[in-house]
Amino acid sequence: MRQAMLDAEVEDDVYGGDLTVLKLQDIAAKLLGREAALFVPSETMEDLICALNHCSQFGSEMILGDECYMNIYQQDGCATLARIHSRTVTT
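So our numbering is basically just the index in the sequence shown, starting at one, shifted up by 92.
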């Protein structure tokens, strides 16, 4: 695996130049029947992107179940980085 990583052709993906990431995103989009896909390296980043997509204005509120993963583990990131307030409801 280390050798494969060493031999991989990689570029700076900030500008969409990494062919490996572009290929992975294309495969994911086709598998999911979507126009495009975006690779993110962690579920935390994915959840924050989703929250920002739904709560597009600073100061927005999201409703979370009291046993929800985002409520337990990711509430601080949403509040700090996205300025999204959360309201907890009993589930």
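Note that beta-carbon positions come from the ideal geometry of N, C-alpha and C, so glycine has one too. No experiment lies behind these values; they were computed from the predicted model shown.
In terms of residue numbering, what span does the beta strand (DSSP E) encompassing residue i cover?
i	result
L156	153-157
Give me the residue from the options with the minimum Cα distance to residue i.
i	options	result
G151	A171, E101, I141	A171
A101	H177, L111, D168	At residue 101 the sequence reads Glu, which differs from the Ala that was named. Of the candidates H177, L111, D168, the one whose C-alpha sits nearest the C-alpha of E101 is L111.
T183	S148, H146, C160	C160
L140	G157, K122, M162	M162
R179	D168, I155, A120	I155
E135	H177, A174, K122, Y165	Y165
Quick check on DSSP: helix, strand or coil for residue i?
i	result
V113	helix
C147	coil
L123	helix
D139	helix
Residue i lies in the alpha helix (DSSP H); which residues open and close that run?
i	result
R94	94-99
T180	That residue, T180, is in no alpha helix (DSSP H); its beta strand (DSSP E) goes 177-181.
A171	167-173
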